[in-house]
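**Q** Protein chains in written order, with the working numbering: chain U, 1 to 129; chain P, 1001 to 1182.
Here a beta-carbon is modelled for each residue, glycine too, at the ideal position from N, C-alpha and C.
Because the structure is a prediction, the values reported are computed rather than measured.
Dropping a structure here in structure tokens format, bear with me for questions.
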Amino acid sequence: MIDEYALDDDPPDKRALYDVPRITAILHAVAAEGRWISYSEMLMALGFQFTRPKMRVLCKTLDHVDALAATRGEPELAVLVVRESDGLPGQGWWTGRRDYAGLWTGPEARAFVDAVQARAFAYWKSKQP
Amino acid sequence: MLPDATAADAITVREAVEGDLPAVVALVQSAYRGDASTAGWTTEAHLLDGQRTDVGMLLPMLADPNQAILLFEDADQLRACVSVERFEDHGYIGMVTVQPTGQSQGMGRRILETAEAHIRDEWGLPAAQMTVIAQRSELIAWYERRGYQLTGGTVPFPYDEARFGNPKRADLFLVVMEKGLS
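Structure, rendered in structure tokens:
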């Protein structure tokens, strides 16, 4: 499913981890399909295996993706990158949020994430030709 | 040279090659997982079991000119190791490992200083970062004493990747620490 985004010919270029437009484009496509993508899948889409240092850079870039989306009045996108185990974003996504004070796992978290993801799905599906 | 004479003084340092990797995996496993790791204070055995790394995970590091695994050896055997990775504006330090029975003798400080020197002098980068399991407060405190500060950044623990081990609890995550090297 993610091969369509992967680099087939070029060796992994670490600059891809910082590439906000590229990661944003991947998430626009994911949102338009009404689905989420795991952290590992996102790294694979950029040409990398999961490692701690690369995940660290990806998480920071996802913050930039959302900050730019906010300036354009678009829905959040980082919420679409989740743990495969429970389908929820990692701790970094929750910290600092002013619109949620509940637990970061469990039914309440699930419902909150579903609602945020639904906004992205609806917005980017509506942008499809 | 360390301020006081320690076992770390008799150590030589070199970069790992492919033939070293089985010994590196065994060293890392012994320091972090399983009963053997409890001989040292770096153990993660209370948080995770299973493997910490394997040869397949380390091989790509050797193939990447922007990564290195540094080995610390004495006349007898591999005593410690650390990995470094080059990013745009900082270096990343990982896999900080000292043989469990050789810990608390200055080796941890020695390998950290060597990794920092590699990042600063070989790559010309002004800062080093690392990630530490958030629940390992004693390890975070040790890095703070070495000049590292929490950045506020966090990284999800790779629950989806069994090659990083089998967590014993569901709330693990990583915190990012940074130190300026100028």
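Given a cut-off of 7 Å, decide if T1114 (chain P) and V1013 (chain P) are closer than it, judged by their beta-carbon atoms.
**A** yes
**Q** Where does E38 (chain U) sit, in a helix, a strand or coil, going by DSSP?
**A** Note that residue 38 (chain U) is Ser in the sequence shown, not Glu. In this structure, S38 (chain U) counts as strand in the three-state DSSP scheme.
**Q** Given V65 (chain U), which residues of its chain have a CB within under 8 Å of its CB, disregarding the five upstream and five downstream residues?
**A** V20, I23, T24, L27, L77 and A78
**Q** May I ask which residues mark the beginning and end of the alpha helix (DSSP H) holding I23 (chain U)?
**A** V20 to A32
**Q** Quick one: using the 10 Å Cβ neighbour count with 16 as the cut-off for buried, is H1046 (chain P) buried or exposed?
**A** exposed
**Q** Return no unless some Cβ of chain P is closer than 7 Å to the Cβ of P53 (chain U).
**A** Interface criterion met: the Cβ of P53 (chain U) is under 7 Å from a Cβ in chain P.
**Q** Quick one: is D8 (chain U) near chain P, going by C-beta distance under 7 Å?
**A** Note that D8 (chain U) scores 39 on pLDDT, short of 50, meaning its location in the model is unreliable; the coordinates nonetheless yield the value given after this. Taking Cβ atoms only, chain P never reaches closer than 7 Å to D8 (chain U), which makes this a no.
**Q** On the CB-based measure, 16 or more other CB atoms within 10 Å of its CB, does K127 (chain U) come out buried or exposed?
**A** exposed
**Q** Please name the residue in P:D1064, P:G1147, P:G1108 and P:Q1029 whose C-alpha comes closest to that of E1018 (chain P).
**A** P:D1064
**Q** Three or more beta-carbon pairs under 8 Å between the region 1148-1164 of chain P and the region 80-96 of chain U, yes or no?
**A** yes
**Q** Which residue marks the beginning of the alpha helix (DSSP H) containing T1114 (chain P), and which one marks its end?
**A** M1107 to A1117
**Q** State the Cα-Cα distance for the pair T61 (chain U) and S1030 (chain P), rounded to the nearest angstrom.
**A** 34 Å
**Q** Considering only their Cβ atoms, is the gap separating A1023 (chain P) from L1078 (chain P) smaller than 7 Å?
**A** Yes.
**Q** Mind checking S1182 (chain P): buried by the 16 CB within 10 Å criterion, or exposed?
**A** Under the 10 Å beta carbon count, S1182 (chain P) is surrounded by fewer than 16 other beta carbons and is classified as exposed.
**Q** Measure from the C-beta of Q91 (chain U) to each C-beta in chain P and report whether the shortest distance is under 7 Å.
**A** yes
**Q** According to a CB-to-CB cut-off of less than 7 Å, which residues of the region 70-90 of chain U neighbour chain P?
**A** Close to chain P, meaning a Cβ-Cβ distance shorter than 7 Å, are the following residues of the region 70-90 of chain U: R83, E84, S85 and G90.
**Q** What do you reckon, are the CB atoms on Q1067 (chain P) and E1088 (chain P) nearer than 7 Å?
**A** no
**Q** Does the beta carbon of S126 (chain U) come closer than 7 Å to any beta carbon on chain P?
**A** no
**Q** Hey, how far is the Cα of A69 (chain U) from the Cα of Y18 (chain U)?
**A** Each residue's Cα considered, the two are about 16 Å apart.
**Q** Let me make sure I understand the geometry here. Which of U:I37, U:R52 and U:C59 has the alpha-carbon closest to that of F1164 (chain P)?
**A** It is U:R52.
**Q** By alpha-carbon positions, which one of U:L88, U:A67 and U:Y123 ends up nearest to F112 (chain U)?
**A** U:L88
**Q** Which residue spans inside the region 49-83 of chain U form an unbroken beta strand (DSSP E) run of at least 3?
**A** none
**Q** Between the Cα of Q1129 (chain P) and those of P:W1142, P:F1173 and P:Q1149, spot the shortest distance and give me the residue it belongs to.
**A** P:Q1149
**Q** Take every Cβ of the region 1128-1144 of chain P, pair it with every Cβ of the region 1169-1181 of chain P, and state whether three or more of those distances are shorter than 8 Å.
**A** yes
**Q** When the Cα atoms are used, what is the spatial distance from R1169 (chain P) to E1044 (chain P)?
**A** 12 Å
**Q** Enumerate in chain order the residues of its own chain whose CB-to-CB distance from I1119 (chain P) is below 7 Å, with the five nearest sequence positions on each side excluded.
**A** V1084, G1091, L1125, A1128 and L1181
**Q** How many angstroms separate the CA atom of Y1143 (chain P) from the CA atom of E84 (chain U)?
**A** 31 Å
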